[in-house]
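First up is the structure itself, then whatever we jot down about it.
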Amino acid sequence: MAGPLSTGNLFYPLSPRLTMLLCTIFTQGGEDDLPSLEHLNEDDAYLLQEKAQQLLALEPDKRVAAVVREMRRQIQFAGLVGLEAIDPSWLLAGVRGEQPVTIGIILAQLSTGARGRILAHLPPKVRARVPAKEDLKQTRLEIMRIVRQKFESRYVAMPAPPGEPTHFYFKDIALLDARELVQLIRALGIEQLAAAFMAVGRRKLAELCHRLGTAAADELIAAYKETEQRDAMDIGDANDFLSRMVLGLKSGGPGPDDKDAFQKELFQKAGLFRLAMAVRQERPMFIQQLAQRIPRSHGKLLSQYVYRLNDSEEVDWTKLRRLQDLVLFRVEKLATRGKVNARYLKFEFCYWGDEEAEGQPAEGGEGQGYDDEGYG
């Protein structure tokens, strides 16, 4: 369980840009300047006003120390956007077409790992002309900053992780790294397929399982058995969903490699669709943050699914919140299995709950949610 709010979490979950804005108000102005926050959009203004009141509740010395400490932390977080938190495939797309010197300046401000992955995918002729980090030591700091800021403007700001364990809400899934999100998406894909087969029946489930490897088929069957009837898709939606998921996939052949490729892409597409269903009514910035965390092809598909869902379907808020609870519950279970950083188990997971039971979805028992055996 999370304890009371500490100064280490005062600015969480503000984005780096909003954090620096609030810190600037308190260092360059004061309480009298807070009304200027009303010029921001409603969500940002509400968040900043809430955090400002928490800061004002501190003793002056503690407030100054908290603001200065956070400003230092944000500066160390590598820019206002947090390029290190963006999947390298997005950064690679961003540097394509740039001059080698510009690419070198951008890469010089990234980690060794991210820099290496981007360089490895550049055309050989371009890569050979990109200056090394050591060759840019004489470049003026102002130029480095301008180039980085221009590059950062192509992306939305990524959320900075909290300094200490706190509450973990649905929106905090944007804190998961790429590897963790890929694990989550796979688990969600299995769950969404199970929800579809709850509607269309065991016979079609068996037909698909013949195209999967033994382990993957067992995972899907386990998820099917654990899915509650209220979480089943409508039969029409289920048939459309299954048709779309299989469309364009190479049929799982008899060989293990063929089946592995088929099930990997199937679970991935289905998981992105389920995630899109869960985030469809969230702010565009949050959806883009999630998209930027994962490989660019995955992120683009996630955004496409969100657009199609919002363009064609009305929102059932009860089902939406139930789905968000199930996603959050899956994150918590993945953390217990080491597939998501175990540090999140120190957080307090916060669920919408529903009319039948307040709090998180039920654990264990057939028809009672998920016992997490066999998949995810």
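The letter at position 248 of the sequence shown is residue 247 when you use numbering that gives the first Met the number 0, and the numbering goes up by one with no holes.
Cβ atoms here follow ideal geometry from the backbone N, Cα and C, with glycine treated the same way.
Predicted model only: the values in this text are computed from it and were never measured.
- Assignment of residue 348 by DSSP, reduced to helix, strand and coil, places it in the strand class.
- Separation of residue 306 and residue 279 (C-alpha to C-alpha, rounded to the nearest whole angstrom) is 8 Å.
- The stretch 80-94 makes contact with the stretch 277-295; the number of CB pairs closer than 8 Å reaches 3 or more.
- For residue 45, the enclosing alpha helix (DSSP H) starts and ends at 41-55.
- Assignment of residue 285 by DSSP, reduced to helix, strand and coil, places it in the helix class.
- For residue 63, the closest alpha carbon among the candidates 310, 49, 28 and 247 is that of 28.
- Contact annotation: residue 237 and residue 199 have beta-carbon atoms nearer than 8 Å.
- A Cβ-Cβ separation of about 16 Å leaves residue 21 out of contact with residue 61 under the 8 Å criterion.
- Shown here, residue 167 sits in a strand according to DSSP, grouped into three states.
- Excluding residues up to 5 positions away in sequence, 30 and 62 lie with their Cβ nearer than 8 Å to the Cβ of residue 55 in the same chain.
- Contact between residue 168 and residue 197 is absent: CB atoms are separated by about 28 Å, not below the 8 Å threshold.
- Residue 177 and residue 158 do not touch by the CB rule: their CB atoms are close to 14 Å apart, not below 8 Å.
- By the Cβ neighbour-count rule, residue 95 is exposed, with fewer than 16 other Cβ atoms within 10 Å of its own.
- Going by C-alpha positions, residue 59 is about 20 Å away from residue 34.
- DSSP places residue 103 in the uninterrupted alpha helix (DSSP H) bounded by 99-107.
- Secondary structure within the stretch 178-226: not one fully enclosed beta strand (DSSP E) run of 3 or more consecutive residues is present.
- Residue state for residue 31 is assigned as helix, using DSSP reduced to three classes.
- The C-beta distance from residue 156 to residue 282 rounds to 12 Å, too long to meet the 8 Å contact threshold.
- Here the alpha carbon of residue 131 sits roughly 16 Å from the alpha carbon of residue 140.
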